[in-house]
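Structure, as structure tokens:
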Amino acid sequence: MKNIKIAVDGFSSCGKSTLAKQLAAHFGFVFIDSGAMYRAVTLFAIENNIISEDDVVDINKLKKEIKNIKITFQTIDGKNHTFLNGKDVETEIRQIRVSKRVSIIATLDFVREEMVNLQRNLSEENSVIMDGRDIGTVVFPNAELKLFVTATPEVRAQRRYDELKAKGEDVNFDEIKANLINRDRIDSTREIAPLKQADDAVVLDNSNMTREQQFDFAVKLIEKILA
Ligand code: DC
27 MKNIKIAVDG
37 FSSCGKSTLA
47 KQLAAHFGFV
57 FIDSGAMYRA
67 VTLFAIENNI
77 ISEDDVVDIN
87 KLKKEIKNIK
97 ITFQTIDGKN
107 HTFLNGKDVE
117 TEIRQIRVSK
127 RVSIIATLDF
137 VREEMVNLQR
147 NLSEENSVIM
157 DGRDIGTVVF
167 PNAELKLFVT
177 ATPEVRAQRR
187 YDELKAKGED
197 VNFDEIKANL
207 INRDRIDSTR
217 EIAPLKQADD
227 AVVLDNSNMT
237 REQQFDFAVK
247 LIEKILA
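In my numbering, each residue's number is its place in the sequence shown (first place is 1) plus 26.
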């Protein structure tokens with residue numbers, strides 16, 4: 027069977043990675059969370075005083091350091107964990123201090139170049155399902171299937187709120203909603219590789235769908251490709 031690429035793009039917190047993980051497990055594909063990479067770079071920038079409290083980025087310092095940022099993935103107890111220079115940062119990269127700043131880091135051309143190279147390298151020898159913002163438009167323009175996932179901001183904020191709350195984080199619904207609307211704005215309007223639906227993408231609005239329903243919808247599309 028030839029290796030296939032599946033791109034799952036869309037707005038923040040619309041269940042892209044949940045869907046991509048389920049599909050990867052079902053079909054035996056490798057799952058790659060491209061957002062985790064931008065999050066890891068952001069965490070590195072926070073920890074090394076490259077991004078200030080008021081979101082000013084020391085571009086020269088980050089340019090110098092970017093080659094020293096090693097991002098890897100490992101599956102631990104069936105879950106995908108992101109490592110930054112050998113340290114498991116899976117929990118830290120999901121914290122609001124990272125979420126608040128990641129879109130700013132993701133606008134930088136030299137950061138995107140490194141991440142896209144890494145995304146393509148990790149995908150060379152496998153069938154891959156990757157979630158992100160520019161996977162169908164930039165990373166894999168020839169992907170066999172491109173899904174563009176969306177849901178209303180209220181539904182998305184509620185899901186992220188429930189997720190963080192379940193992890194015991196002290197979170198505020200309005201802050202989460204404001205953060206994701208702001209991220210969508212920055213992600214959609216940036217100059218390089220903005221979030222946008224690829225012309226040949228299939229739109230999946232899951233505002234009123236259960237996880238099972240969206241999974242079934244995507245499974246049917248992939249089965250067609252594999253047939
Ligand atoms: O999917 P996520 O919320 O973990 O992504 C975090 C941020 O990273 C998101 O606000 C935009 C950026 N991102 C990107 O620019 N390109 C990608 N392929 C994936 C994420």
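For glycine and all other residues, C-beta sits at the position ideal for the given N, C-alpha and C.
Between the CA atoms of residue j and residue i - distance to the nearest angstrom
i    : j    : result
D80  : R123 : 12 Å
K222 : T215 : 9 Å
L134 : I218 : 8 Å
A192 : R186 : 10 Å
M235 : L148 : 31 Å
S60  : Q121 : 17 Å
E91  : L110 : 13 Å
D225 : Q184 : 29 Å
M145 : S43  : The amino acid at residue 145 is misidentified as Met; the sequence shows Gln. Roughly 15 Å separates the two Cα atoms.
N198 : Q240 : 27 Å
G162 : S38  : 16 Å
F55  : L49  : 8 Å
H107 : R209 : 23 Å
E195 : C40  : 20 Å
A204 : L247 : 33 Å
I131 : L69  : 10 Å
E151 : F53  : 16 Å
N168 : A227 : 11 Å
I207 : D200 : 11 Å
K113 : I95  : 11 Å
A177 : S233 : 4 Å
V128 : L45  : 22 Å
A244 : D231 : 12 Å
V164 : D213 : 14 Å
Distance cut-off 7 Å: residue i Cβ against heavy atoms of the ligand DC
i    : result
A132 : yes
R209 : yes
S214 : no
D225 : no
R65  : yes
D135 : no
A62  : yes
G162 : no
S149 : no
R159 : yes
Buried versus exposed call for residue i [16 or more other C-beta atoms within 10 Å across all chains shown]
i    : result
R237 : exposed
I76  : buried
S125 : buried
A253 : exposed
E116 : buried
A51  : exposed
R211 : exposed
I251 : exposed
V82  : exposed
V229 : exposed
D160 : buried
Just checking, does the stretch 98-117 make contact with the stretch 75-87 on the three C-beta pairs under 8 Å criterion?
no
For the stretch 137-144 against the stretch 51-65, do three or more pairs of beta-carbon atoms, one drawn from each stretch, fall closer than 8 Å, so that the two count as touching?
yes
Please confirm if the stretch 67-74 is in contact with the stretch 160-174, defined as three or more CB-CB distances below 8 Å between the two stretches.
no
Counting Cβ pairs closer than 8 Å, one from the stretch 33-49 and one from the stretch 153-173, do we hit at least three?
yes
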